[in-house]
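As structure tokens, the structure follows; a few thoughts come after it.
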Amino acid sequence: MGGTAMSIGVLLVDDEQLIRAGLRAIVASEPDLEVVGEASDGAEVPGLVSRFRPDVVLMDVRMPSVDGIRATTHLMSTMDNPPKVIVVTTFENDDYVYDALLAGASGFLLKRARPEEIVAAIRTVAAGESLLFPAAIRRLAAQQANRGPLDGLSGAGLTERESEVLRLMAGGLSNVEIAGELYLGVQTVKTHVGNVLAKLGARDRTQAVIKAYDTGFVTPAG
Numbered sequence: 001m002g003g004t005a006m007s008i009g010v011l012l013v014d015d016e017q018l019i020r021a022g023l024r025a026i027v028a029s030e031p032d033l034e035v036v037g038e039a040s041d042g043a044e045v046p047g048l049v050s051r052f053r054p055d056v057v058l059m060d061v062r063m064p065s066v067d068g069i070r071a072t073t074h075l076m077s078t079m080d081n082p083p084k085v086i087v088v089t090t091f092e093n094d095d096y097v098y099d100a101l102l103a104g105a106s107g108f109l110l111k112r113a114r115p116e117e118i119v120a121a122i123r124t125v126a127a128g129e130s131l132l133f134p135a136a137i138r139r140l141a142a143q144q145a146n147r148g149p150l151d152g153l154s155g156a157g158l159t160e161r162e163s164e165v166l167r168l169m170a171g172g173l174s175n176v177e178i179a180g181e182l183y184l185g186v187q188t189v190k191t192h193v194g195n196v197l198a199k200l201g202a203r204d205r206t207q208a209v210i211k212a213y214d215t216g217f218v219t220p221a222g
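Residues 1 to 222 in full-length UniProt numbering are what the sequence shown lists, from first letter to last.
Listed below in structure tokens is the structure:
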């Protein structure tokens with residue numbers, strides 16, 4: 001996608017110019033990262049993504065015209081190969097964060113995050129991994145509890161083993177840790193995780209875990 005042959009292309013989306021300038025400086029200081037474009041509102045995102053093909057979008061959640069949730073939903077629903085989205089927020093208990101993750105964002109960052117955390121997050125999602133923060137997601141899920149119909153993912157057709165794997169994913173365990181917990185090979189766990197994502201229609205682990213909480217399959221206290 002975007003960037004030069006060896007770099008990760010990043011699109012910055014925030015209505016505050018000062019925030020964009022700070023993010024630009026952090027990204028530009030890394031040899032493997034490149035800012036390919038900037039936007040001050042979610043309405044600009046589809047056109048810029050089509051033009052510059054970024055690998056990762058740093059997306060502010062609260063913007064005056066089109067917020068980060070709507071912009072993320074649009075990207076995930078209209079593009080065959082959408083960029084990874086990291087939502088950026090002032091408060092980790094922001095309701096918008098939960099909705100953005102449910103819409104398909106791969107994780108979130110706080111605006112007060114250290115530069116090295118921001119850089120690591122970009123590299124993580126660009127590599128196809130997820131930014132999974134179990135404690136923070138559990139808090140978000142607790143705030144959103146019972147806001148919609150809870151079916152426990154009964155229609156997803158998960159096997160008993162896949163259900164076990166999803167619960168451990170929701171606890172923040174890596175594939176290696178899940179393998180140790182269930183006495184399975186890592187490759188077998190990877191297969192189960194892939195099956196879980198496919199059955200839930202989830203792009204990555206973060207979205208699978210959010211769906212598990214959203215349907216009541218996993219409870220915040222569980």
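Glycine is no exception: its CB is placed at the ideal position from the N, C-alpha and C atoms.
Beta-carbon proximity check, residue i vs residue j, cutoff 8 Å
i: Asp15; j: Asp60; result: yes
i: Leu75; j: Pro83; result: yes
i: Ala212; j: Leu173; result: no
i: Val36; j: Leu11; result: yes
i: Leu48; j: Ala39; result: yes
i: Ala170; j: Val209; result: yes
i: Thr72; j: Val85; result: yes
i: Glu181; j: Leu168; result: yes
Length of the line joining the Cα atoms of residue i and residue j
i: Leu109; j: Thr89; result: 6 Å
i: Val186; j: Glu177; result: 9 Å
i: Val45; j: Pro115; result: 24 Å
i: Phe91; j: Tyr183; result: 38 Å
i: Arg53; j: Val218; result: 35 Å
i: Ile118; j: Ser29; result: 12 Å
i: Ala156; j: Gly22; result: 42 Å
i: Asp41; j: Gly9; result: 19 Å
i: Ala120; j: Thr215; result: 30 Å
Residue i Cβ short of 7 Å to the ligand FAD heavy atom set
i: Thr124; result: Ligands are entirely absent from the displayed structure, and the ligand FAD is therefore not among its contents.
Minimum C-alpha distance to residue i - residue among the options
i: Asp80; options: Arg203, Val36, Val10 and Arg167; result: Arg203
i: Arg62; options: Glu181, Ala113, Ala105 and Val97; result: Val97
i: Val196; options: Gly171, Glu181, Ala39 and Arg161; result: Arg161
i: Ala43; options: Pro54, Ile19 and Gly68; result: Gly68
i: Ala198; options: Ala71, Asp214 and Thr159; result: Thr159
i: Thr78; options: Gly104, Ala127, Leu58 and Ile86; result: Gly104
i: Val87; options: Leu58, Ala113 and Thr206; result: Leu58
i: Arg70; options: Arg51, Leu102 and Gly194; result: Leu102
i: Ser106; options: Ala127, Arg51 and Gly194; result: Ala127
i: residue 223; options: Asp99, Ala113 and Arg205; result: The chain is shown only over 1 to 222; residue 223 falls outside these bounds and no answer can be derived.
i: Val125; options: Gln17, Gln207, Lys111 and Leu18; result: Gln207
i: Val66; options: Val13, Ser163 and Asn175; result: Val13
i: Pro31; options: Ser7, Arg24 and Ile19; result: Ser7
i: Ala100; options: Leu140, Val189 and Ala113; result: Leu140
i: Ile122; options: Thr191, Leu18 and Arg24; result: Arg24
(Q) Could you tell me which whole alpha helix (DSSP H) segments of length 4 or greater appear in the UniProt domain "Response regulatory" (9-126)? (A) Counting only runs of 4 or more residues that sit fully inside the UniProt domain "Response regulatory" (9-126), the alpha helix (DSSP H) segments are 17-28, 45-52, 68-78, 95-103 and 115-126, in chain order.
(Q) Suppose only complete runs of 4+ residues qualify. What are the alpha helix (DSSP H) ranges in the UniProt domain "HTH luxR-type" (151-216), listed by chain order? (A) Within the UniProt domain "HTH luxR-type" (151-216), the complete alpha helix (DSSP H) runs of at least 4 residues are 160-170, 175-182, 186-200 and 205-214.
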